[in-house]
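Here the structure is laid out as structure tokens; the discussion comes afterwards.
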Amino acid sequence: MKIEILEKNDNNLRLIIRDADVPLMNALRRIALAEVPTMAIEEVVMIENSSILQDEIIAHRLGLTPLKTDLDAYNLPGECECQSEFGCTQCRVTLTLDAEAKEGTRTVYSGEIVSENPEIIPVSDKIPIIKLAKNQKLKLEAYARLGRGKNHAKWQPTSMCAYKYYPKITVPEDKCEDCSKCADICPKKVLAFKDEKVDVRDLLACNLCMDCVEACPKKPSPLRVEWEKNAFIMNIESTGALPPERILQEATKTLGEQLNEFEELIKAEPQ
Ligand SMILES: [Zn+2]
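Numbering of the sequence shown is given in numbering that gives the first Met the number 0, commencing with residue 0 and proceeding in unit increments.
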């Protein structure tokens, strides 16, 4: 297998993966979405809420606020030594919010949430939590825990995780009518028409929609759009909870663990 990084930044990773197949790509995609743990607020103790929003709605908004996650410092609640429903310092982070609108109406943002661990904080301090009118108050304590996306979307580490086939476009050399219909219709501007010839401008942008082939006045079209069966372009966009490369690493680790477990179960099955 060969991997080539196209783009990498704090929240986005785009790769070309060669010599892989659809089942593997799909397993990694699904595990990245549903199995890689992240931190999210799981319980909220409301101390004072004189806002117009009900406690449950505020708790729901807090739960869906992505938190920076340190996977190496915390245990999943079910796997922690404490085995306590309340959790311990190894499996739970306490966050507090104490906001009041003294001057007049104001918006309370995620940046006002105070965490006992400065590493486990909202990924952005500009997420609106609630709007308070004058003299309204919101005071609460929240407990964040590790969890998996398959149990609740708030624990999904990715806001987008998808792959597509690597496109292969063959441009006609001489059989073309020299119109520019294929280049004009492409929504991704993959093809360009210059010097009376069709040229591939941005191959990786192609999503194999085939509009260019259909727009060609020649039937069958000399323009050929195909895909490589064993090459893929994968895009992982993180919510900010974990770096995208860490999400992929954890996904491959989880896949390995699941296969090992499967192997052990087969061995344990009596003949
Ligand atoms: Zn614990």
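Each residue gets a CB set at the ideal place from its N, CA and C atoms; glycine is no exception.
Hey, would you say the C-beta of residue 10 is under 7 Å away from at least one heavy atom of ligand 1?
Outside the cutoff, so no.
Mind checking whether residue 64 and residue 109 have CB atoms under 8 Å apart?
Against a cut-off of 8 Å, the Cβ pair of residue 109 and residue 64 comes out as a contact.
Ligand 1 heavy atoms versus the CB of residue 146: any closer than 7 Å?
Checking every heavy atom of ligand 1 against the Cβ of residue 146, none is found closer than 7 Å.
Please determine, among 260, 269 and 232, the residue with the shortest C-alpha to C-alpha distance to residue 5.
Considering only alpha carbons, the answer is 232.
Locate the alpha helix (DSSP H) running through residue 48, then write down its first and last residues.
Per DSSP, residue 48 is not a residue of any alpha helix (DSSP H); the beta strand (DSSP E) it occupies stretches across 37 to 48.
Suppose you measure from the CA of residue 74 to the CA of residue 14; what does that come to, to the nearest Å?
Their backbone Cα atoms lie some 30 Å apart in a straight line.
Pick out whichever of 256, 152, 120 and 106 has its Cα sitting closest to the Cα of residue 92.
It is 120.
Using the three-state DSSP reduction, which class does residue 146 fall into: helix, strand or coil?
Residue 146 sits in a strand when the DSSP states are folded into three classes.
Identify which residue in 130, 89, 43 and 60 has its Cα closest to the Cα of residue 49.
Taking only the C-alpha atoms, the option nearest residue 49 is 130.
What first and last residue would you give for the beta strand (DSSP E) that runs through residue 159?
According to the DSSP assignment, residue 159 belongs to the beta strand (DSSP E) that extends over 157 to 169.
If you compare alpha carbons, which of 80, 42 and 248 is closest to residue 57?
Checking every option, the nearest Cα to that of residue 57 belongs to 42.
With burial defined as no fewer than 16 other Cβ atoms inside 10 Å of the residue's Cβ, what is the status of residue 37: buried or exposed?
Counting Cβ neighbours within 10 Å, residue 37 comes out buried, since at least 16 surround it.
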